[in-house]
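Number 204 in this note's numbering belongs to position 203 of the sequence shown; there are no gaps in the numbering.
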Amino acid sequence: MRPEALGEAVLDVAVLVSVGRHPVTGRARRADQDARGVELAKSLERAQVTLLHAGTLGEEDEEALRGYLGMGLPSLALIEQPRGADVLPALARALEEANPQLVIAGERAEQGEGSGMLPYLLAERLGWPLIGGVADVESIENGTATLLQALPRGQRRRLRVRLPAIVSVDAAAPAARQSAFGPARRGEIEAEPAAVEWDEAQTEWSVTPARKRPKRLKIVKAASARDRFKAAAAKAEGGSGQVLTDVTPEQGAEAIFKLLKEEGVLR
């Protein structure tokens, strides 16, 4: 029996999900941070969770989106937006109509633009507060949410925010449960047509495949600012290098080329 049938207060939660990309194989999958957001929403008491995705429904996209349904949710709302469209207006309109109390999103997409700006732009457009890097939602009482925000080096900060609000999930949030095949197949993807606004700035971009960066000659790993300062101020220790004096430019260039080959910078 649903909570509203028992007369209990229901917390309306919307989770924004996207199609992820596996970092090794490149295959479409559920995005890790978005899946953690779904896990966070399901852990809340008396929560009625709605999944929202703005995009298309290609074969690969559908398999990835069903990965979220396999976490135990009956349906997913697909706001139809073609590739190259600006999804911000369509998502903002959908949230204004649904009027959830809490919106959960990943910090950034795993493919496409991946700027991490979408939650901030949504919060600005809706006039809602935004808390980034959330690791847990401790409680929600009297229209106020108590959150744990992840900080560097494993630290946490407790924050309280008035609802409605938007939160973005950090990688420190609990890992998502495994997606079950049966619920993923039975779940419904409900397409909702929406007005399309094209992202004119994106048409002017030049997109090229990323290249592997050259190997660093030296990487200093330090746990504190004091250790980093000592490493930066320390004198270089002698190694297997050699000092070249009175050599021709050709000999010097040959020695530099040999060093770069040995360090793996050049192949």
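For glycine and all other residues, C-beta sits at the position ideal for the given N, C-alpha and C.
Check: Do TRP129 and PRO90 have their beta-carbon atoms positioned less than 7 angstroms apart in this structure?; Outcome: no
Check: Find out if the Cβ-Cβ distance for the pair ARG30, GLY21 is shorter than 7 angstroms.; Outcome: yes
Check: Check GLN34 in the structure and name its three-state DSSP category.; Outcome: helix
Check: May I ask which residues mark the beginning and end of the alpha helix (DSSP H) holding GLN252?; Outcome: 250 to 263
Check: Less than 7 angstroms between the beta carbons of LEU77 and ILE167, yes or no?; Outcome: no
Check: Using CA coordinates, which residue listed in GLN203, ALA65, ARG158 and ASP87 is at the minimum distance from GLY134?; Outcome: ARG158
Check: With 7 angstroms as the threshold, decide whether the Cβ of ILE132 is near any Cβ in chain C.; Outcome: In summary, chain C is missing from the structure at hand, where a single protein chain is found.
Check: So, is GLU97 buried or exposed, given that buried needs 16 or more other C-beta atoms within 10 angstroms?; Outcome: exposed
Check: Measuring straight from C-alpha to C-alpha, what distance separates THR57 and PRO24?; Outcome: 22 angstroms
Check: Secondary structure at GLN49, three-state DSSP: helix, strand or coil?; Outcome: strand
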